[in-house]
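Data block below; observations after.
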Amino acid sequence: MSDSSKIIQQIKEGNDQPLIDLYKLYRNEFVVWSCKEYRAKEEQAKDAFQEAILDFHQNIVSGQLKEFTSSPKTYLFQIGKYKILNLIKKESKITYNDNLQLIKGNEYEDFMEDDNKAYTQEQISSAINKLPEDCQKILKLHYFNEY
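Residue numbers (my numbering): -11 to 135.
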């Protein structure tokens, strides 16, 4: 039985030691490689490798991975590569604005709603003042006095 087959067999039997060994053996190498190849940040690379290890384990336990067509390292790095690319893609969609303040709950919506109401009322008032006097009376009676 090859080393690769032993890894799969041990993990299927519930022995996590091969995962721990692979993690320790390849983590730093993966971090350096992904930072160099994909310009990933160190934390992104660490997260991606952690997820790759979890997927590696899940693939063995679920029966998706029955034997290696490459080395365990290559398999892990391939999973990690897609994890890092997805992380980078996901984080590139997030934009940050240093001028934003932290607003909890509905405070932002309430603030914007109040601000929009004030702006709208100013616009309505300005538009009404441009109308002939009798039109102004009719609108004010209808909207403000609810006649």
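Using N, Cα and C, we set each Cβ at its ideal position, and we do this for glycine too. In this text the structure is predicted, and so the values were computed from the model without any measurement.
Backbone CA spacing between residue i and residue j [nearest angstrom]
i: Asn158; j: Leu73; result: Outside the displayed span of the chain (-11 to 135) sits residue 158, for which this structure offers no information.
i: Ala28; j: Ile8; result: 24 Å
i: Lys92; j: Ile116; result: Note that Lys92 scores a pLDDT of 48, beneath 50, so its modelled location is shaky; the value from the coordinates is reported in the next line. Those two C-alpha atoms are separated by around 37 Å.
i: Phe65; j: Gly2; result: 23 Å
i: Leu53; j: Ser80; result: 32 Å
i: Lys0; j: Glu31; result: 30 Å
i: Pro60; j: Trp21; result: 16 Å
i: Tyr14; j: Lys24; result: 15 Å
i: Ile(-4); j: Ile76; result: 30 Å
i: Pro6; j: Lys78; result: 31 Å
i: Lys(-6); j: Asn47; result: 15 Å
i: Ser114; j: Cys123; result: 14 Å
i: Asp35; j: Leu10; result: 15 Å
i: Asn87; j: Ile41; result: The predicted model places Asn87 with a pLDDT of 48, which falls under 50 and marks its position as unreliable; any figure quoted below should be read in that light. Asn87 and Ile41: Cα-Cα distance of roughly 39 Å.
i: Pro120; j: Ile112; result: 14 Å
Cβ separation of residue i and residue j, assumed to be a contact under 8 Å, to the nearest whole Å
i: Trp129; j: Tyr135; result: Going by the sequence as given, residue 129 is Leu instead of Trp. At roughly 5 Å, the Cβ-Cβ gap stays under 8 Å, so Leu129 and Tyr135 are in contact.
i: Lys12; j: Glu39; result: So it is not a contact: roughly 17 Å between Cβ atoms.
i: Phe56; j: Ser(-8); result: 4 Å
i: Ala33; j: Val19; result: 4 Å
i: Tyr63; j: Phe44; result: 7 Å
Element boundaries [alpha helix (DSSP H), containing residue i]
i: Thr50; result: The amino acid at residue 50 is misidentified as Thr; the sequence shows Ser. Ser50 -> no alpha helix (DSSP H), and no H or E assigned at all.
i: Arg15; result: 5 to 26
i: Gly2; result: Run containing Gly2: none; DSSP gives neither H nor E here.
i: Phe56; result: No alpha helix (DSSP H) contains Phe56, which DSSP labels as neither H nor E.
i: Leu64; result: 60 to 80
i: Lys125; result: 121 to 127
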